[in-house]
Amino acid sequence: AVKMILDCDTGVDDAMAIMYAALHPDVELLAATTVWGNVEVPLATRNTLRVLDLVGRGDVPVAEGAAGPIAGGPAEYAYDVHGRDGQGGAADHEPVRAAAPVGAAQQIVDLVRAHPGEVWIVPVGPLTNIAAALAIAPELPGLVAGVSLMGGAALAPGNVTPVAEANIWHDAEAAAAVFRAPWRIVMAGLDVTMKILITEEHRARLAAAGEAGRYLARILEHYGEFYRERAFGTWACAMHDTVAVAAAAGALDVRLAPVVHVEVDTSGGPGHGQTIADLRGVYRGYPEQAGAHCSVLLDVDGRIADEAVELIVAHGAPR
Ligand code: BDR
Ligand code: CA
């Protein structure tokens with residue numbers, strides 16, 4: 002099984018990614034770490050604890066992390082997408098346990114050091130905790146299996162500005178540090194995550210399933226309405242964060258993704274937060290770029306949405 006740390010700003014699609022990682026037979030979820038982003042970090046922590054409990058994974062430690070961007074400055078949230086509670090207004094609970102006594106960045110460093118060469122870090126929120134972990138342990142890139150992140154847009158438009166995706170835009174300085182560090186990165190950006198959709202049919206399957214599935218069906222409602230208005234014209238949800246988990250879990254073929262240089266714009270200008278991927282090699286079949294270490298997903302198998310839904314539906318189903 003793939004050892005994984007999931008770093009999330011638990012909103013709606015993060016909740017699904019947590020369920021998927023917690024239930025996937027090929028994933029050993031070592032910890033979840035939380036970060037500001039979709040909502041304030043204490044809310045992200047609370048949602049993460051609750052979602053893990055729903056899938057019977059109260060054993061997975063949850064470590065709380067950064068409350069705002071690494072360089073300071075205001076934290077901006079995404080209540081319009083994820084609801085004020087980060088769960089589409091449908092958070093129904095108090096978690097039954099507390100977060101771990103260690104901070105997220107230190108938790109990441111400790112776990113990676115304990116399992117050298119084995120851990121995939123899967124960030125699906127702003128990259129503040131990951132940059133903080135790098136600051137604590139600059140040797141981290143040589144110790145991980147890789148970083149599989151949801152963030153950025155290589156060829157697709159942005160979703161916060163014309164060119165910037167939310168997770169990168171929220172903390173572009175942190176993202177720049179993460180993309181600069183010499184580890185293997187798999188980037189699941191809007192190029193792929195806007196194409197993998199949870200549909201009405203998926204939601205009906207979840208709504209008829211066990212407690213976790215029903216919870217997910219409820220929190221997805223508002224999120225799908227947001228995407229109806231802003232993107233698809235019909236109720237549907239971009240799966241986003243689960244794609245990064247699936248890539249690390251080996252559930253997606255990442256071999257076809259070009260390995261290219263990616264730089265994050267921190268100019269403060271109109272390009273701020275853009276992931277500038279050097280895809281000029283498209284005309285030559287992407288020849289090797291010296292020193293490049295980021296696999297940019299441009300196409301993935303859409304059946305991953307069905308698989309993720311079925312994994313969650315199967316949980317709690319009578320055997
Ligand atoms: C990303 O931003 C957040 O709103 C989602 O959870 C996802 O991680 C998509 O741009
Ligand atoms: Ca997220």
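So for the sequence shown, the UniProt record's numbering puts the first residue at 2; every next one is plus one.
For glycine and all other residues, C-beta sits at the position ideal for the given N, C-alpha and C.
**Report entry** Neighbourhood of ligand 2 [Cβ distance below 7 Å to any heavy atom], ordered by chain position
**Finding:** CYS9, ASP10, GLY12, ASP14, ASP15, GLY38, ASN39, VAL125, GLY126, MET151, ASN168, HIS241, ASP242
**Report entry** Burial state of LEU257 (16 or more Cβ within 10 Å)
**Finding:** exposed
Query - Residues near ALA178 by beta carbon distance below 7 Å, same chain, minus five either side - result: Cβ neighbours of ALA178 beyond the five flanking positions: ALA132, LEU135.
Requested in this report: Go ahead and label ILE186 buried or exposed: buried means 16 or more other beta carbons lie within 10 angstroms of its beta carbon, across all protein chains shown.
Outcome: buried
Query - Host beta strand (DSSP E) of GLU77 (start-end) - result: GLU77 -> no beta strand (DSSP E), and no H or E assigned at all.
Query raised in the report: What does DSSP give as the partner residues of THR267 in its beta bridges?
Result: Bridge partners of THR267 according to DSSP: none are assigned.
Query - Helix, strand or coil at GLU226 [DSSP, three-state] - result: Reduced to three states, the DSSP call for GLU226 is helix.
Report task. Take GLY90 as the anchor and find which of ARG98, ALA79, ALA100, ALA99 has the nearest alpha-carbon. Result -> ALA79
Query raised in the report: With distances taken between CB atoms, is the gap from ALA33 to LEU7 smaller than 7 Å?
Result: yes
Query - ASP60: first and last residue of the uninterrupted alpha helix (DSSP H) it sits in - result: Where ASP60 is concerned, there is no enclosing alpha helix (DSSP H), because DSSP gives it neither an H nor an E.
Query raised in the report: Should the stretch 265-282 be called in touch with the stretch 137-144, which here means at least 3 C-beta pairs below 8 Å?
Result: no
Query - Three-pair Cβ contact test at 8 Å for the stretch 158-166 versus the stretch 206-214 - result: no
Query raised in the report: Is it buried or exposed for VAL40, if we count other Cβ within 10 angstroms and need 16 for buried?
Result: buried
Query raised in the report: Any heavy atom of ligand 1 closer than 6 Å to the Cβ of ASN48?
Result: Set against 6 Å, the gap from the CB of ASN48 to the closest heavy atom of ligand 1 is not smaller.
Query raised in the report: Three or more C-beta pairs closer than 8 Å, one from the stretch 45-60 and one from the stretch 181-196: is that the case here?
Result: no
Query raised in the report: Going by DSSP, what residues sit across from MET240 in a beta bridge?
Result: Answer by DSSP bridge pairing: none, since MET240 is not bridged.
Query raised in the report: Mind checking whether the beta-carbon of VAL82 lies closer than 6 Å to any heavy atom of ligand 1?
Result: yes
Query - Same chain, Cβ closer than 7 Å to THR194, five either side skipped, listed in chain order - result: MET151, ALA239, MET240, HIS241, VAL244
Requested in this report: Using three-state DSSP, classify PRO124 as helix, strand or coil.
Outcome: strand
Query raised in the report: Quick one: does the C-beta of ASN130 sit closer than 6 Å to a heavy atom of ligand 3?
Result: Ligands present in the displayed structure are limited to ligand 1 and ligand 2, and ligand 3 is not among them.
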